[in-house]
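Notes follow the structure.
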Amino acid sequence: MSVATGRLGCVYVVLASDSEGVVITPCDERTVSGVPERVSRAELPAAVARLERSRPRWVWDDTSRWYPSLLARGVRVERCVDLRLCHAILRNSPLSASSALATAEVNPWDSPAADVPAEDTLFEVGVDAALDPVAEFFLQRQAASPKLALLLSAESAGALVAAEMMFAGLPWRADVHDALLVRTLGPRPVPGSRPAIMEHVLTEVRSAARAPDLNPDSPGELVKALRRAGLTVESTRSWELKKIDHPVIPPILRYKKMARLLSANGWNWLDANVRGGRFHPEYVPGGVVTGRWASKGGGGALQLPKQIRGAVVADAGWKLVVADASQLEPRILAGMSADRGMVEAGSAGDLYAGIVSTGAVHTREQAKSAMLGAMYGATSGESGRLMPALARTYPQAIALVEAAARAGERGEKVATRLGRGSPLPSARWRDLQTQAASDESREGISAAARSEARTWGRFTRNFIVQGTAAEWALCWMASLRKALHLLAGDLWITESAHLVFFMHDELVVHCPAEQAEAVEGAMRQAAADAGRLLFGRLPLEFPLTVAIVDDYGQAK
DNA sequence: GACGGCTCCAAA
DNA sequence: AACTTTTGGAGCCGTC
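Here the first sequence stands for residues 568 to 1123, numbered as in this note's numbering.
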């Protein structure tokens, strides 16, 4: 191995896989800085571990293809560049629109990541083996402005966090989960039949509705049965049924709640997703247009219902530290717009209370509702009505989201704080707008065009806030990951405090009990770091609600 | 029987 | 709780 460990100037190390093994190329920002080496796939983990001592930034096509195998062999890396994720950002950002990368023909770097092979295929050569990661890396460095470079490293750090969380898994007590199911639904039934308590509630439904053969899982049948019972319903949505006062409604609502638990997080879910006391969800960094993560399998880790969080239990002698960024999106809006009044409103811990104290609205609930309306583009209802008052008190903040909405309505791109660009509307959308603009357009067409334009405007309005909040969360995670690694010293990931769960504005760390307070401090510090990275010296606070608990159900 | 669209509900 | 954003998944139901 003559890719010398610690050689000066070797800031990046590019990994490329081919049919014979892996080529390791040391680089700096613009050029190859050393002699490429080839190692066999079996030798790679040891080679990476050795080179990691000089703390390079590992450059690879796709973190989800390289890192799980390294982790499985006990190799952790500090930094990386995930070329595919970064390519997607640079291809679409207004800040890199004139770069060679963005103006190039569509190429394989634009295609979504291939499905990660289930277990350990040890760096199998995929369809992308022909792509040259070194060339792509140089194109990317050339395209990235300083702001974009920050976004690219946050995005890549997120990919490392995701892989490490998937590796560690979320502590999950199958016995606790099972007890909850038995208590709520009855003992596990034979496949094809309903649990006893559910069956019992169903008999109540059937007799109250005088429909002995009713299949409650069929919305169509249920609506018909309710109408026969004299009720006027448009659908079987819970919120609609709740408005109705009739003896058949309570058992239906109970049944629906139970059916949801059974199908989404019942025994089948437990069998399929929990092994060895851990739930290993699949996170998909950059999986959402706004830059949020998506999740796959396991019912979607990002939709983990509060109802079953009691089954997330820390190991003996360990704790869960659960941190939630309070009122994140309104604070993000305050930061993006540098609206001094709104920044000020958030300085005393409760931003909504701060809004009330200016007299813009009367109650905290109104403040919350008005802010949601501002960020989502509410047109009707209470939040629509409250918007004008908000706009008078916080003109800069509201102007920012309004401008994003207008840009979207014109079919333009908008961007987050760090430069992630929104997608453009479809060709169909453009055609409709063009048609509506022409003289002979009919009333129906222009009404449809206006409606679609407003819909896209609501999307772009929300995009800048949701997307910037996602950037904040990436910076938060990246900074915390670094701090936890320092805390761990020479211990392996799962032997010391480590991240186990992420849900948009919430993080969970699993740690030995004696580390819990240090972890809480690190989480708060990381939140402050993230705020500074995005918004500089603006006196904007990102308070966390932190709970040190034995099980996730105890947090909030 | 496979597949896609629809409904409903979980999360932020 | 709907209004208004982004998602994932289960089950039903009609079509092929």
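The beta-carbon is built from N, C-alpha and C at its ideal position, and this holds for glycine as well.
Leaving out five residues before and five after residue i in sequence, what residues of the same chain have Cβ atoms less than 7 Å from its Cβ?
i	result
residue 571	Note that residue 571 scores 47 on pLDDT, short of 50, meaning its location in the model is unreliable and no value can be drawn from it.
residue 863	849, 851
residue 957	927, 937, 941, 965
residue 880	738, 740, 743, 1117, 1118
Let's see if you can read the secondary structure: which residues bound the beta strand (DSSP E) around residue i?
i	result
residue 700	Here residue 700 belongs to no beta strand (DSSP E); instead the alpha helix (DSSP H) covers 700-710.
residue 981	No beta strand (DSSP E) contains residue 981, which DSSP labels as neither H nor E.
residue 605	604-606
residue 875	Element bounds for residue 875: n/a, residue is neither H nor E.
residue 897	Looking at the DSSP string, residue 897 is not in any beta strand (DSSP E); the run it does join, the alpha helix (DSSP H), is 895-904.
residue 851	849-851
residue 886	885-892
residue 1116	1111-1116
residue 864	It is not in any beta strand (DSSP E) - residue 864 carries neither H nor E in the DSSP assignment.
residue 582	579-585
With distance defined between alpha-carbon atoms, name the residue in the options nearest to residue i.
i	options	result
residue 903	658, 802, 985, 649	985
residue 992	1027, 1006, 1117	1027
residue 987	626, 712, 743, 817	712
residue 868	1021, 1036, 729	729
residue 617	785, 635, 641, 628	641
residue 1051	959, 995, 737, 1064	1064
residue 841	871, 1017, 815, 736	736
residue 666	630, 707, 650, 611	707
residue 1087	1071, 1110, 1101, 1105	1110
residue 762	726, 828, 587, 652	828
residue 1060	589, 643, 578, 629	643
residue 892	630, 994, 606, 1043	1043
residue 1120	937, 871, 812	871
residue 977	946, 964, 962, 996	996
residue 1004	990, 1020, 989	1020
residue 1070	743, 725, 940	725
residue 961	983, 911, 1116, 1107	911
residue 587	600, 607, 956, 603	607
residue 532	814, 783, 796, 808	With the chain covering only 568 through 1123, there is no way to say anything about residue 532.
residue 740	844, 698, 922, 705	844
residue 700	738, 585, 619	585
residue 815	773, 799, 1104	773
What are the start and end residues of the alpha helix (DSSP H) that includes residue i?
i	result
residue 822	816-832
residue 742	741-752
residue 1122	Premise fails: residue 1122 is in no alpha helix (DSSP H) and is neither H nor E.
residue 770	763-776
residue 678	Premise fails: residue 678 is in no alpha helix (DSSP H) and is neither H nor E.
residue 713	713-735
residue 590	That residue, residue 590, is in no alpha helix (DSSP H); its beta strand (DSSP E) goes 588-594.
residue 788	786-795
residue 912	907-912
residue 807	805-808
Between residue i and the rest of its own chain, which residues show a CB-CB distance below 6 Å, the 5 nearest in sequence each way excluded?
i	result
residue 686	For residue 686, the predicted model reports a pLDDT of 39, less than 50, meaning its position is unreliable and no value from the coordinates is stated.
residue 574	For residue 574, the predicted model reports a pLDDT of 49, less than 50, meaning its position is unreliable and no value from the coordinates is stated.
residue 855	861
residue 1114	889, 1122
residue 1112	891, 893
residue 1074	890
residue 683	The pLDDT assigned to residue 683 is 48, lower than 50, so where the model puts this residue is not dependable; a value taken from the coordinates is nonetheless given after this. Closer than 6 Å at the Cβ level, and outside the excluded window around residue 683, lie 631.
residue 688	Note on residue 688: pLDDT 48, under 50, position unreliable in the model; no value is reported.
residue 990	856
residue 971	981, 1027, 1028, 1031
residue 590	583, 603, 605
Excluding sequence positions up to five away, which residues of its chain have a Cβ less than 8 Å from the Cβ of residue i?
i	result
residue 655	677, 853
residue 710	657, 663, 666, 667, 668, 669
residue 802	786, 790
residue 817	none
residue 959	927
Enumerate, from N- to C-terminal direction, the unbroken alpha helix (DSSP H) stretches of 4 or more residues contained entirely within the segment 618-666. 630-639, 650-659
With three or more beta-carbon pairs closer than 8 Å as the criterion, would you say the segment 1083-1094 touches the segment 902-909? no
Could you tell me which uninterrupted alpha helix (DSSP H) segments, each at least 4 residues in length, are contained entirely in the segment 924-952, listed from first to last along the chain? 931-943
Can you find at least 3 beta carbon pairs, one from the segment 659-678 and one from the segment 591-608, that sit closer than 8 Å? no
Scan the segment 963-1024 and note each continuous alpha helix (DSSP H) run of 4 residues or more that stays entirely inside, going in chain order. 994-1004
Taking one C-beta from the segment 856-876 and one from the segment 832-846 each time, how about it: are there three or more such pairs within less than 8 Å? yes
Flag this pair as touching only if the segment 883-895 and the segment 1064-1083 have three or more C-beta atom pairs under 8 Å; answer yes or no. yes
Any contact between the segment 848-857 and the segment 756-774? By contact I mean 3 or more CB pairs, one from each, below 8 Å. no
Within the segment 1066-1104, note down every full beta strand (DSSP E) run reaching 3 residues or more, in order along the chain. 1073-1079
Validate contact between the segment 788-795 and the segment 748-755 using beta carbons, cut 8 Å, 3 pairs: no
At least 3 beta-carbon pairs within less than 8 Å: the segment 892-901 vs the segment 1022-1037: yes
Report yes or no: do three or more beta-carbon pairs, one from the segment 612-631 and one from the segment 577-584, lie closer than 8 Å? yes
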